[in-house]
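I have placed the structure first, in the form of structure tokens, so that the comments after it can refer back to it.
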Amino acid sequence: MNLSDCTRRVGQRQLIEPGAVLEEVWNRSPLVPAANVVYLDSFTASLSGGGSMVEPLTAACQACRQGNVAQLMMAPFGDSQPGHYYYRPAYCVEACDLSFRRNGELVVTSEIAHGEYVLTPYAQQLPLLPEPTWYELEISTARPGDPTAVTRTVWTFHSSPDDQVADLPPQVHCAPDPDQPCAFLPLLFPRYDLELDLDSRAMANERFPVVFRVDSQHHAPPALVTATLAVSYDSGATWSDPIPAWSRADGSFIVSIPHPPLAETDGFVALWLQATDRAGNAVEQTIIRAYGLTE
Numbered sequence: 090m091n092l093s094d095c096t097r098r099v100g101q102r103q104l105i106e107p108g109a110v111l112e113e114v115w116n117r118s119p120l121v122p123a124a125n126v127v128y129l130d131s132f133t134a135s136l137s138g139g140g141s142m143v144e145p146l147t148a149a150c151q152a153c154r155q156g157n158v159a160q161l162m163m164a165p166f167g168d169s170q171p172g173h174y175y176y177r178p179a180y181c182v183e184a185c186d187l188s189f190r191r192n193g194e195l196v197v198t199s200e201i202a203h204g205e206y207v208l209t210p211y212a213q214q215l216p217l218l219p220e221p222t223w224y225e226l227e228i229s230t231a232r233p234g235d236p237t238a239v240t241r242t243v244w245t246f247h248s249s250p251d252d253q254v255a256d257l258p259p260q261v262h263c264a265p266d267p268d269q270p271c272a273f274l275p276l277l278f279p280r281y282d283l284e285l286d287l288d289s290r291a292m293a294n295e296r297f298p299v300v301f302r303v304d305s306q307h308h309a310p311p312a313l314v315t316a317t318l319a320v321s322y323d324s325g326a327t328w329s330d331p332i333p334a335w336s337r338a339d340g341s342f343i344v345s346i347p348h349p350p351l352a353e354t355d356g357f358v359a360l361w362l363q364a365t366d367r368a369g370n371a372v373e374q375t376i377i378r379a380y381g382l383t384e
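Sequential numbering from 90 applies to the sequence shown in my numbering.
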């Protein structure tokens, strides 16, 4: 699906049986880096016909280690639906910045330049060390259509050449060499499911439930995490104290936050989330203008 904000939005491929009814929800805000499936067999079609797909479910591991190389196949934007991801074609200016550190030392970075190629986490390779090491990956993105709505996500994770080999289904391949095994990078992916109106707004001067999940990448073992949330009503100039999130029976988290009167805000809510698993791998995500407020 191509939209007027210069994004292409892609969902998971599904096998459809006769009489099946598919229902999907798109664009529930805020948009954040996605735990997406990247399919290797593409389909093209034109008004005159043509196009083919031989192995439609063949996919690549999203964030895996092979030898001393980390292969990232991540999209900068995803919504509340698992598997949805949004990307901007090469002819669009991609507001995305990536940096990568090994034991605190910056080794990869990118600068945003109008009209020039920008480093993104999609099909990106990162150099790893041949010993157990702590790494930090940071991605900053501006939401399509609103350059002031910036999301900054920082992953802190540990990786070693001796990490357990990834248990992948037959149709999912390691990269860059599909004939060699790989190991999952223990990245955590927040995913939000907020009850907003069609303009991505909630009511001011009321309490509001922030519901989210923190998932591992596709096919990786589920992570047991704890999470905290803070909120800002002035685009991050000031923040509330971090609030521990309650874990629910379905695996999601919830934090109830108090929306002030609209006049006491800049019209938007910013969110800061931190989640950590039992091994110390963590994600910290700051979303400026995560959603709007209305009366």
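Glycine included, every Cβ here is placed at the ideal spot set by N, Cα and C. Predicted model, so just to flag it, every value in this text is computed and none were measured.
Under DSSP, N91 forms a beta bridge with R97. Annotation: the continuous beta strand (DSSP E) that includes M162 extends over V158 to M162. With respect to Y380, S289 sits close: the two C-beta atoms are nearer than 8 angstroms.
Residue pairing for S336: DSSP places it in a beta bridge opposite F342.
Three or more Cβ pairs closer than 8 angstroms define a contact, and the stretch 300-310 meets that threshold against the stretch 121-128. Contact annotation: the stretch 141-154 touches the stretch 270-278, with at least three C-beta pairs closer than 8 angstroms. Sorting Y281, T245 and R302 by C-alpha distance to the C-alpha of A338 places R302 at the top.
Annotation: G172 to D330 spans about 32 angstroms, alpha carbon to alpha carbon.
Taking all protein chains in view, the Cβ of N192 is surrounded by fewer than 16 other Cβ atoms within 10 Å, so the residue is classified as exposed.
Taking Q363 as reference, the option from A334, L382, H348 and I346 with the minimal CA-CA separation is A334. Assignment of beta-bridge partners to P347 by DSSP yields R296.
Counting only residues of its own chain and dropping the five nearest sequence neighbours on each side, T242 has a CB closer than 6 angstroms to the CB of P122, I228 and Q374.
Between R378 and the set T365, W361, A371 and A368, the nearest pair of CA atoms involves W361.
Around the beta carbon of R280, 16 or more other beta carbons sit within 10 angstroms, so the residue counts as buried. When C-beta atoms of the stretch 157-164 are compared with those of the stretch 106-123, three or more pairs fall below 8 angstroms, so the two segments count as touching.
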